[in-house]
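This report refers to the structure that appears directly beneath it.
Numbering (my numbering), first residue to last: 1 to 107.
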């Protein structure tokens, strides 16, 4: 789960460059290879799963959908009314090994 460990520094680095804090975010989308990965991410953030309503979780329903995970999650969130115009969004994508990407955007 090295990828989960490096996602947190990537997340904070991109938010620092944006000038945002976690509280500024409306929704967080992260590639989710497994439920274990999601639980590790939540553990690294130091909060309980129910305390992270900003993290859109769909791995329990879909499994690992690989490179499609972020667009699928964003579509689901939009259809559910969680992704609305003006929303501050964080996208996180771990990669094989120990690399990661993070992007902030306003929907």
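We put the CB at the ideal spot given by N, CA and C, even for glycine.
Just so you know, the alpha carbons of residue 95 and residue 83 end up roughly 25 Å apart. Runs of the beta strand (DSSP E) lying entirely within the segment 75-100 and spanning at least 3 residues, in chain order: 88-95. It is roughly 23 Å from the alpha-carbon of residue 105 to the alpha-carbon of residue 44. When DSSP states are grouped into helix, strand and coil, residue 57 belongs to the coil group. Ranked by Cα distance from residue 107, the first of 74, 38, 20 is 74. Ranked by how close their Cα comes to the Cα of residue 88, the residues 55, 41, 8 have 55 in first place. Around the beta carbon of residue 68, fewer than 16 other beta carbons sit within 10 angstroms, so the residue counts as exposed. Out of 6, 40, 36, 41, the CA that lies nearest to the CA of residue 60 is found in 36. The beta carbons of residue 11 and residue 90 sit about 6 Å from each other, so the pair counts as a contact at 8 Å.
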